[in-house]
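Have a look at the structure below, then the notes.
2 protein chains.
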Amino acid sequence: MTDISPKIATRHDHIIGDIRTRIIEGQWAPGFQLPIETDLAAQYGVSRMTMNKVLTQLTREGFLLRRKKMGTRVAQPRAQSAVMAIADIRDEVEASGHAYRFVLHARDLRAATDEDTLRIGAEDQQVLWLEGLHMADDAPFCLESRLVNPPMAPGVLEQDFGIRAPGAWLLHTIPWSTARHRIRAIPVTAPDAKLLRIAPGDAGLEVVRSTQVGGTWVTWVRLLYPGADHQLIAEFAPRAVDPA
Amino acid sequence: MTDISPKIATRHDHIIGDIRTRIIEGQWAPGFQLPIETDLAAQYGVSRMTMNKVLTQLTREGFLLRRKKMGTRVAQPRAQSAVMAIADIRDEVEASGHAYRFVLHARDLRAATDEDTLRIGAEDQQVLWLEGLHMADDAPFCLESRLVNPPMAPGVLEQDFGIRAPGAWLLHTIPWSTARHRIRAIPVTAPDAKLLRIAPGDAGLEVVRSTQVGGTWVTWVRLLYPGADHQLIAEFAPRAVDPA
DNA sequence: TCCACCATATTGTATATACATAATAGGTTT
DNA sequence: AAACCTATTATGTATATACAATATGGTGGA
Numbered sequence: 002m003t004d005i006s007p008k009i010a011t012r013h014d015h016i017i018g019d020i021r022t023r024i025i026e027g028q029w030a031p032g033f034q035l036p037i038e039t040d041l042a043a044q045y046g047v048s049r050m051t052m053n054k055v056l057t058q059l060t061r062e063g064f065l066l067r068r069k070k071m072g073t074r075v076a077q078p079r080a081q082s083a084v085m086a087i088a089d090i091r092d093e094v095e096a097s098g099h100a101y102r103f104v105l106h107a108r109d110l111r112a113a114t115d116e117d118t119l120r121i122g123a124e125d126q127q128v129l130w131l132e133g134l135h136m137a138d139d140a141p142f143c144l145e146s147r148l149v150n151p152p153m154a155p156g157v158l159e160q161d162f163g164i165r166a167p168g169a170w171l172l173h174t175i176p177w178s179t180a181r182h183r184i185r186a187i188p189v190t191a192p193d194a195k196l197l198r199i200a201p202g203d204a205g206l207e208v209v210r211s212t213q214v215g216g217t218w219v220t221w222v223r224l225l226y227p228g229a230d231h232q233l234i235a236e237f238a239p240r241a242v243d244p245a
Numbered sequence: 002m003t004d005i006s007p008k009i010a011t012r013h014d015h016i017i018g019d020i021r022t023r024i025i026e027g028q029w030a031p032g033f034q035l036p037i038e039t040d041l042a043a044q045y046g047v048s049r050m051t052m053n054k055v056l057t058q059l060t061r062e063g064f065l066l067r068r069k070k071m072g073t074r075v076a077q078p079r080a081q082s083a084v085m086a087i088a089d090i091r092d093e094v095e096a097s098g099h100a101y102r103f104v105l106h107a108r109d110l111r112a113a114t115d116e117d118t119l120r121i122g123a124e125d126q127q128v129l130w131l132e133g134l135h136m137a138d139d140a141p142f143c144l145e146s147r148l149v150n151p152p153m154a155p156g157v158l159e160q161d162f163g164i165r166a167p168g169a170w171l172l173h174t175i176p177w178s179t180a181r182h183r184i185r186a187i188p189v190t191a192p193d194a195k196l197l198r199i200a201p202g203d204a205g206l207e208v209v210r211s212t213q214v215g216g217t218w219v220t221w222v223r224l225l226y227p228g229a230d231h232q233l234i235a236e237f238a239p240r241a242v243d244p245a
């Protein structure tokens with residue numbers, strides 16, 4: 002044998018990775034209908050059983066939806082977890098029975114400052130800076146400060162975030178992202194306290210989330226909630242580390 | 002057809018559920034060596050391929066470990082997520098380079114109060130109440146208040162939590178639990194502030210976690226961290242809802 | 001025309017079979 | 001006795017085959 006390859010990838014692992022990449026990179030968008038099992042098997046040069054194993058696994062991972070006779074299509078991305086679910090603050094506000102409104106305070110397309118560079122972990126970038134307030138029945142609910150990477154969010158520069166909050170737009174535009182949360186309790190500074198209509202120094206819950214797709218930063222956001230009015234809920238069950 | 006059964010369980014789904022139950026309920030403890038594939042297949046009355054599918058799936062879910070020739074054994078439970086990982090506060094403290102110590106303040110075996118009943122969602126129970134302080138280099142790090150369900154944690158009444166914190170003990174004793182977190186920023190009350198050596202009204206991060214195994218409550222814990230000194234980190238990636 | 005029924009397409013599950021791979025156990029040689 | 005080789009055991013992967021389940025679309029009859 003002249004096979005030097007040090008890593009052995011099984012056929013179906015290879016195919017799983019290939020299809021997952023197409024979905025994550027958006028080449029196969031949510032709703033896209035895949036070729037039928039037998040055709041895919043032929044294209045990849047494997048048997049239907051092998052292809053079935055691949056598609057079954059990707060379905061279990063949540064990337065695909067399959068129905069008999071109806072074929073296989075790329076799934077809509079789901080809320081990623083209980084903590085992630087709060088990303089759509091409109092839903093959260095409306096679920097508690099209040100009217101939701103987003104007020105944009107600032108918008109700036111600029112070169113990344115040193116502080117921005119730290120946040121996004123990338124240099125020499127142009128960033129879109131957004132700042133606004135989520136309101137519940139005319140009471141401040143959450144203060145949002147956000148950086149967006151325009152090339153990774155096509156169309157973001159044309160969006161009017163005076164109407165729709167950037168978080169909600171991004172959530173539905175950039176599927177399959179991974180996010181890192183940092184959650185802290187901090188005393189709210191005077192300017193923030195004024196916006197949130199609380200006393201300076203009161204307890205606030207700060208959630209900082211940086212979001213990536215395939216290793217590239219997409220957005221960085223800081224959400225500041227007034228103290229005890231807000232809580233995060235998260236459920237966890239044991240699960241294996243993804244073999245991918 | 003006289004088949005009335007409304008839900009159809011496939012053979013391998015049925016077997017997966019059966020084995021998972023045995024593991025979660027502790028009948029097959031971590032490290033337990035399962036019969037070999039062919040024997041299991043015979044016991045369940047299916048082909049080896051079907052049995053292999055079952056064991057492969059459970060391995061992906063993290064319940065089993067398999068090595069060629071060495072057989073199949075029940076896996077050790079893992080840290081359940083980034084947020085879950087902080088459960089072992091000792092690790093967290095030591096990771097930041099400080100000496101860890103746990104000081105038990107109170108221990109009480111009592112009938113559940115009305116407040117306890119709300120917390121654990123079960124009535125007419127006897128509960129073990131524990132309260133203590135996690136220390137980092139003789140500075141208060143986290144205040145812990147805990148309820149434990151003794152029947153679900155065999156041996157808990159004999160443990161001396163003056164030495165080892167109950168969280169760490171439970172984490173290694175009750176594998177495969179599911180947990181629900183509630184995270185809030187609150188002003189710290191006077192008695193708590195005194196214990197944590199901060200000023201009353203300062204911001205604190207309160208994490209309340211209730212833990213279950215198979216629908217039965219195991220423990221409820223409230224962790225109070227002094228304000229900005231502490232942060233939670235959580236990573237999230239898209240994933241499917243567990244079909245189980 | 002409309003409805004019942006059937007043919008068809010596509011995924012879902014199960015089996016038998018075959019060969020590959022990894023690690024142990026035991027025997028043979030030096 | 002130590003080193004090496006080989007047989008054996010158990011899992012890992014791939015294929016061909018078969019039949020079941022489900023939704024669609026078309027066909028024929030009242």
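Protein sequences appear in the order of chains A and B. Quick note on numbering: the first sequence equals residues 2 to 245 in this note's numbering. Quick note on numbering: the second sequence equals residues 2 to 245 in this note's numbering. Beta carbons: idealized from backbone N, C-alpha and C, even for Gly.
- For residue 46 of chain B, decide whether its Cβ has a neighbour in chain A, counting only Cβ atoms nearer than 8 Å. Sequence index remark: in the second sequence, residue 46 of chain B carries index 45 (1-based). Chain A, which has no Cβ nearer than 8 Å to the Cβ of residue 46 of chain B, makes this no.
- Compare the Cα-Cα distances from residue 147 of chain A to each of A:228, A:139, A:44, A:135 and report the closest residue. The count along the first sequence starts at 1 and reaches residue 147 of chain A at position 146. The closest CA to that of residue 147 of chain A, considering only A:228, A:139, A:44, A:135, is found on A:135.
- Task: Compile a chain-ordered list of the residues in the region 190-203 of chain A whose CB is closer than 9 Å to at least one CB of chain B.
- Result: 202, 203
- Query: First and last residue of the alpha helix (DSSP H) that includes residue 26 of chain A?
  - Reply: Position 25 of the first sequence, counted from the start, is the residue given in the question as residue 26 of chain A. Membership of residue 26 of chain A in any alpha helix (DSSP H) is not indicated, and neither H nor E is assigned to it by DSSP.
- Task: Specify the secondary structure class of residue 109 of chain B as computed by DSSP and reduced to three states.
- Result: One-based indexing of the second sequence puts residue 109 of chain B at position 108. Strand at residue 109 of chain B.
- Item | Chain-ordered chain A contacts of residue 68 of chain B [CB-CB under 8 Å] | Residue mapping note: residue 68 of chain B aligns to position 67 of the second sequence, counting from 1. By Cβ distance, chain A contributes nothing, its closest Cβ being about 15 Å from residue 68 of chain B, past 8 Å.
- Could you check how far apart the C-beta atoms of residue 169 of chain A and residue 89 of chain A are, in whole angstroms? I think they sit under 8 Å. For the purposes of this step, residue 169 of chain A is taken as the residue at position 168 of the first sequence. For the purposes of this step, residue 89 of chain A is taken as the residue at position 88 of the first sequence. For a cut-off of 8 Å, the C-beta gap from residue 169 of chain A to residue 89 of chain A is around 5 Å, short enough to register as a contact.
- Message: Restricting to Cα atoms, I'd like to know which of A:24, A:161, A:210, A:13 is closest to residue 109 of chain A.
- Response: The residue given as residue 109 of chain A occupies position 108 in the first sequence. Among A:24, A:161, A:210, A:13, the Cα nearest to that of residue 109 of chain A is on A:161.
- Item | Cα-Cα separation between residue 105 of chain A and residue 93 of chain A, rounded to whole angstroms | Position 104 of the first sequence, counting from 1, holds the residue named residue 105 of chain A. Position 92 of the first sequence, counting from 1, holds the residue named residue 93 of chain A. Taking the straight line joining both Cα atoms gives about 19 Å.
- Between the Cα of residue 64 of chain B and the Cα atoms of B:91, B:44, B:35, B:50, which residue gives the shortest distance? Looking up residue 64 of chain B in the second sequence gives position 63. Comparing Cα positions, the closest option is B:35.
- Contact set between the region 122-153 of chain B and chain A, restricted to residues whose Cβ is under 9 Å from the partner: none
- Query: Sorted by chain position, which residues of the same chain lie with C-beta nearer than 6 Å to residue 49 of chain B's C-beta, five sequence neighbours on each side aside?
  - Reply: Your numbering for residue 49 of chain B matches position 48 in the second sequence. Once the five neighbours on either side are set aside, the close Cβ partners of residue 49 of chain B are 38, 39, 42.
- Beta-carbon neighbours of residue 234 of chain A, restricted to chain B and to distances below 9 Å: Position 233 of the first sequence, counted from the first residue, corresponds to residue 234 of chain A. Within 9 Å Cβ-Cβ: 181, 182, 183, 184.
- Can residue 328 of chain A and residue 208 of chain A be called in contact, C-beta distance under 8 Å? Past the boundaries of the shown model lies residue 328 of chain A; chain A is included only from 2 to 245, so the question cannot be answered.
- Counting only runs that start and end within the region 189-226 of chain A, where is the alpha helix (DSSP H) found for 4 or more residues in a row? You should have 191-197.
- Under a Cβ-count criterion, where at least 16 other Cβ atoms within 10 Å of its own Cβ denotes burial, should residue 97 of chain B be classed as buried or exposed? Numbered from 1 along the second sequence, position 96 holds the residue referred to as residue 97 of chain B. Exposed is the call here.
- Item | Assigned secondary structure, residue 153 of chain A (DSSP; H/G/I helix, E/B strand, else coil) | Reading the first sequence from its first residue, position 152 is the one you call residue 153 of chain A. Here residue 153 of chain A sits in helix by DSSP.
- Does the distance from the C-beta atom of residue 23 of chain B to that of residue 234 of chain A stay below 8 Å? Taking the second sequence and counting its residues from 1, the one referred to as residue 23 of chain B is at position 22. Taking the first sequence and counting its residues from 1, the one referred to as residue 234 of chain A is at position 233. Not in contact: residue 23 of chain B and residue 234 of chain A (Cβ atoms no closer than 8 Å).
- Message: Judging by CA-CA distance, which residue of A:33, A:198, A:205, A:55 is the nearest neighbour of residue 140 of chain A?
- Response: Start at 1 with the first residue of the first sequence, and residue 140 of chain A comes out as number 139. Closest option to residue 140 of chain A, judged by alpha-carbon separation, among A:33, A:198, A:205, A:55: A:198.
- Message: Looking at the secondary structure, which residues open and close the beta strand (DSSP E) in which residue 66 of chain A lies?
- Response: Within the first sequence, residue 66 of chain A is the residue found at index 65, counting from 1. Segment 65-68, the beta strand (DSSP E) holding residue 66 of chain A.
- Message: By the DSSP assignment, the alpha helix (DSSP H) with residue 93 of chain B in it spans what residues?
- Response: On the second sequence, position 92 is the one that residue 93 of chain B refers to. From DSSP, the alpha helix (DSSP H) with residue 93 of chain B extends over 90-96.
- With burial defined as no fewer than 16 other Cβ atoms inside 10 Å of the residue's Cβ, what is the status of residue 227 of chain A: buried or exposed? On the first sequence, position 226 is the one that residue 227 of chain A refers to. Per the 10 Å Cβ criterion, buried.
- Identify, in the order they occur along the chain, each residue of the same chain with its Cβ nearer than 7 Å to the Cβ of residue 178 of chain A, setting aside the five sequence neighbours on each side. Along the first sequence, read from residue 1 onward, the residue named residue 178 of chain A stands at position 177. Same-chain partners within the cutoff: 212, 213, 214, 219.
- Residues near residue 112 of chain B by beta carbon distance below 7 Å, same chain, minus five either side: Sequence index remark: in the second sequence, residue 112 of chain B carries index 111 (1-based). Hits under 7 Å: 127.
- Task: Would you list the one or two residues that DSSP bridges to residue 135 of chain B?
- Result: Position 134 of the second sequence holds residue 135 of chain B. In the DSSP assignment, residue 135 of chain B is bridged to B:103, B:143.
- Query: Starting from residue 61 of chain A and walking both ways along the alpha helix (DSSP H), at which residues does that stretch end?
  - Reply: Along the first sequence, one-based indexing puts residue 61 of chain A at 60. Start and end: 49-62.
- Candidates B:216, B:188, B:195: closest to residue 206 of chain A by CA position: As a working note, residue 206 of chain A is residue 205 in the first sequence. Closest option to residue 206 of chain A, Cα to Cα, is B:188.
- Task: Using three-state DSSP, classify residue 122 of chain B as helix, strand or coil.
- Result: Position 121 of the second sequence holds residue 122 of chain B. Here DSSP, grouped into helix, strand and coil, assigns residue 122 of chain B to coil.
- Count the other CB atoms, across all protein chains shown, that sit within 10 Å of the CB of residue 19 of chain B; report buried if there are 16 or more and exposed otherwise. To locate residue 19 of chain B, count along the second sequence from 1; it is residue 18. Label assigned to residue 19 of chain B: exposed.
- What three-state label does DSSP hand residue 42 of chain B in the structure shown? Taking the second sequence and counting its residues from 1, one reaches residue 42 of chain B at position 41. Correct three-state label for residue 42 of chain B: helix.
- Whole-Å CB distance - residue 129 of chain A paired with residue 158 of chain A, under 8 Å assumed: Along the first sequence, one-based indexing puts residue 129 of chain A at 128. Along the first sequence, one-based indexing puts residue 158 of chain A at 157. That pair is a contact at about 7 Å.
- Query: Nearest to residue 15 of chain B by alpha carbon, out of B:31, B:26, B:56?
  - Reply: Against the second sequence, residue 15 of chain B aligns to sequence position 14. The option with the nearest alpha carbon to residue 15 of chain B is B:56.
- Message: Taking 8 Å as the limit between beta carbons, can you name the residues of its chain near residue 120 of chain B, skipping five residues before and five after?
- Response: Numbered from 1 along the second sequence, position 119 holds the residue referred to as residue 120 of chain B. Listed in chain order, the non-local C-beta contacts of residue 120 of chain B below 8 Å within the same chain comprise 148, 211, 221, local neighbours out to five positions each way being set aside.
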